[in-house]
Amino acid sequence: MTAAAPDSPTELTIPVQGMTCAACSARVQRTLERTPGVSGANVNLMTGSATVSYDPASTTPERLVEAIRDTGYGADLPAADGSSEALAGAHDAARDEEIRTLRWKLGVSLAAAVLAMAFSMPPRPWLLLALTLPVVAWAGRHFYTRAWAAFRHHSADMNTLIAVGTGAAFTYSLAVTVGADWFIARGIAPHVYYEAVVWIIALILLGNLLEARAKSRTAGAIRRLIGLRPATARLVRDGAEVEIPLAQLRPGDEVAVRPGEKIPADGTVVDGASHVDESMLTGEPTPVRKTVGDPVIGATLNRNGALRFRVDRVGADTVLSRIIRLVQEAQGSKAPIQRLADRIAAVFVPVVMSIAIATFVIWFVLGPEPAYLQALVSAVTVLIIACPCAMGLAVPTAVMVATGRGAELGILIKGGDPLERSGRLDTVVFDKTGTVTEGRPVLQRIAGRDEADLLRLAASLERRSEHPLGEAIVAEAGARGLALAEPEGFESHTGRGVSGTVDGRAVAVGNRSLLAELEADPGSFAAEEERFAADGLTPVYVVADGVVAGVLGIADAVKQTSGEAIAALRRLGLESVMLTGDNARTAAAVARAVGIQRVVADVLPDRKLEEVRRLQAEGRTVAMVGDGINDAPALAQADVGIAMGTGTDVAIEAGDITLMRGDPLGVPRAIGLARRSMRVMRQNLFWAFIYNVVGIPIAAGALYPAFGLRLTPAMAAAAMAISSVSVVTNSLRLRKA
């Protein structure tokens, strides 16, 4: 359960067992939405979970669980700690138990089906009844109990179709077995259909088992993320090291990590020095040096030194847990294309029931003798083949596999909606600094009468700034061993520069816009600015006592993969645009280096939002790629916001998609994955719909008048199982995307 403000609803994710089709999840969702105190519910078939927003003053988690159980499906309260790992563990345990149960039920049903075939010639009704009863009463019992629960809620789903179909065949066979003489006296041959009932249930269970195993494979990304962290931690207590389970760690604990061990939680180094491999978050292969005061992230690998750190965050609050939670939420979300399947599922079962009734009537009136048996078999076949499992799985399976695959690639796609919107993109807008470039500028040239004094004045002022260009100036002053002064009256001019007083002198450091504001004439340094910009350097003016004292040339190296990323986007048919607050000459030089043709320079942070809106007004579907902090308004405005993450808390939360590795190549990879996912979703929906469009008429007997061909109920059950498994298998192809 997540924390909530006093007036905001509480959110709870409840594991749900036994849902097999879109109609199943839709009924659970409708029931929850009608529960007093519930403000919203989202039930996901693939993840087997219900995410509910509710008012704790009006209802309780226990009541929500009871509401789900009342629909005929299993539900349990989530683990007490509410962590993503606990939820995932509970889901995996439920899935494993479901698979074990299905195996037992399938084994019993198949054994009964084989024996029923052996004893059906010559027919032995009482023996066949004895074989069928355990299958109907135990192996297939859940079909009937859930169908009854649906009936009580004035609804219908896949279980309704199976229960009505097999129930009709079983009831008729039971009547013939008990009252054979009554049927014979009226000239009706005492045929029984126990064998068909057993085979139908066995084949449907086989389909359910294959489907459950395939679903389990789609959850592999979550399991791999959870497996990144160690099971234990080496707690330092009274000077001694004690190994404890990870769940017992608390904030404030001191933990020792030896070389080669994984760091168990997020914290701050208090003793020692080492290099830590953070590639599981950042993708950077080079280990990062960690010393006293540096932060460490749980599940990263300590390489070559011993460390002791103070635990800051554990459990659900750690960076890895938040990543896992984001992936779970993404896998549990619905893509807009799912609405089509949901709308069809809402009316599908009643329509099928009507078709089955019509089929019975037509065969009974027009069919060959024995007409009543022909009518019964055809109606049952229609009910069995029309089970909407494939339709319900078509979109959720693709979303689940795609978001899981994205997580493995360091791409956090936050749900089906961003996934679908990413598949429609035609324009990608890049912020320059930290996105196309490294975001670690370096001072490369100085033009001024006294370089040391010029640099000292600029660095003394910039030491109070957090801008990357200012950090480059301060770093160069430090490298030269210059003694910096404490500035007074420091003022930041957004998008232009900074100003203040250094050693009694009025100093300003910034771009041409700041010079215009100060009415300072660049004089001969204007030519230096042009040369710096032509070489791809960002020119920064230094003004002392109202006079331009010099200009600094700062370079932000282009990322090695930026050019490759732009080329990949071009191959996908997307146009790339670069927005930057830098001057036009410098921006053009960077754009040329990476192959971007459309550049908008001298853009202040608030104007980036307007540029995105302008592109959208042209009819474009726009992605904005930024650092997730400075570009937040533009990221929010874009059709898809893509944040370049570095494993930090803010970067993880920003944007619709977060590139954990900060690699521009993640942009075409994410869009390519989204396009393949949409293609798979459409394929799944097409085959699910075509299967029913073609299968139902054949089951009803459309081919019988011309070709004498008919489907048996057992054949229909096999076809239904194959359709569901084929949809899941098609989605699993995305694991190799």
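The sequence shown begins at 730 in this note's numbering and counts up one residue at a time.
Where is the CB? At the ideal position from N, CA and C, for every residue including glycine.
For residue i, count the other beta carbons within 10 Å of its own beta carbon; 16 or more makes it buried, fewer makes it exposed. Which is it?
i	result
residue 1247	buried
residue 846	exposed
residue 1341	buried
residue 1376	Because the pLDDT at residue 1376 is just 47, under 50, the model does not fix this residue reliably, and the value given afterwards should be weighed accordingly. Classification for residue 1376: buried.
residue 1205	buried
residue 1258	buried
residue 1191	buried
residue 1289	exposed
residue 1036	buried
residue 1216	buried
residue 1347	exposed
residue 842	buried
residue 875	buried
residue 1415	exposed
residue 1315	buried
Starting from the Cα of residue i, find the closest Cα among the options and give me that residue.
i	options	result
residue 1401	1341, 1131 and 981	1131
residue 986	957, 980 and 1033	1033
residue 1294	797, 1166, 1419 and 1134	1166
residue 899	914, 873 and 1238	873
residue 998	991, 988, 1007 and 983	983
residue 1155	1416, 1435 and 1306	1306
residue 1021	1038, 1426 and 1302	1038
residue 960	787, 1028 and 1024	1028
residue 1064	1005, 1129, 1002 and 1080	1129
residue 1176	934, 1272 and 973	1272
residue 1349	1195, 1303 and 1330	1303
residue 670	1428, 1121 and 1390	Because residue 670 is not part of the residues shown, which for the chain are 730 to 1466, the question remains open.
residue 921	855, 1392 and 787	855
residue 827	850, 840 and 803	803
residue 1431	1133, 1096, 1417 and 1150	1096
residue 852	1313, 784, 909 and 1265	909
residue 839	863, 1415 and 825	863
residue 741	1162, 789, 750 and 1435	789
residue 952	894, 1296, 936 and 1052	1052
Beta-carbon separation of residue i and residue j under 8 Å?
i	j	result
residue 890	residue 1454	no
residue 1138	residue 1398	yes
residue 1236	residue 1226	no
residue 1114	residue 1449	yes
residue 779	residue 761	yes
residue 1467	residue 1219	With the chain represented from 730 up to 1466, any question about residue 1467 goes unanswered, as that position is not in the structure.
residue 1446	residue 928	yes
residue 1040	residue 980	yes
residue 746	residue 823	yes
residue 1442	residue 1043	no
residue 1333	residue 1355	no
I need the DSSP call for residue i, collapsed to helix, strand or coil.
i	result
residue 869	coil
residue 1304	strand
residue 1032	coil
residue 1194	coil
residue 1380	Because residue 1380 carries a pLDDT of 49, less than 50, the predicted location of this residue cannot be relied on, and the following value inherits that uncertainty. Correct three-state label for residue 1380: helix.
residue 733	Residue confidence for residue 733 is low, a pLDDT of 42 falling below 50, so the modelled location carries little weight; the figure read from the coordinates is stated next. Here residue 733 sits in coil by DSSP.
residue 1387	strand
residue 1221	strand
residue 804	strand
residue 1373	strand
residue 1412	helix
residue 1043	coil
residue 783	strand
Residue i to residue j, Cα distance in whole Å?
i	j	result
residue 1126	residue 1146	14 Å
residue 744	residue 1433	46 Å
residue 919	residue 1099	11 Å
residue 1368	residue 758	28 Å
residue 914	residue 1423	40 Å
residue 1380	residue 1403	The pLDDT assigned to residue 1380 is 49, lower than 50, so where the model puts this residue is not dependable, and the model offers no usable value.
residue 1413	residue 1326	38 Å
residue 1268	residue 739	51 Å
residue 767	residue 1461	34 Å
residue 753	residue 1047	35 Å
residue 756	residue 884	7 Å
residue 1212	residue 1185	7 Å
residue 926	residue 907	17 Å
residue 861	residue 870	12 Å
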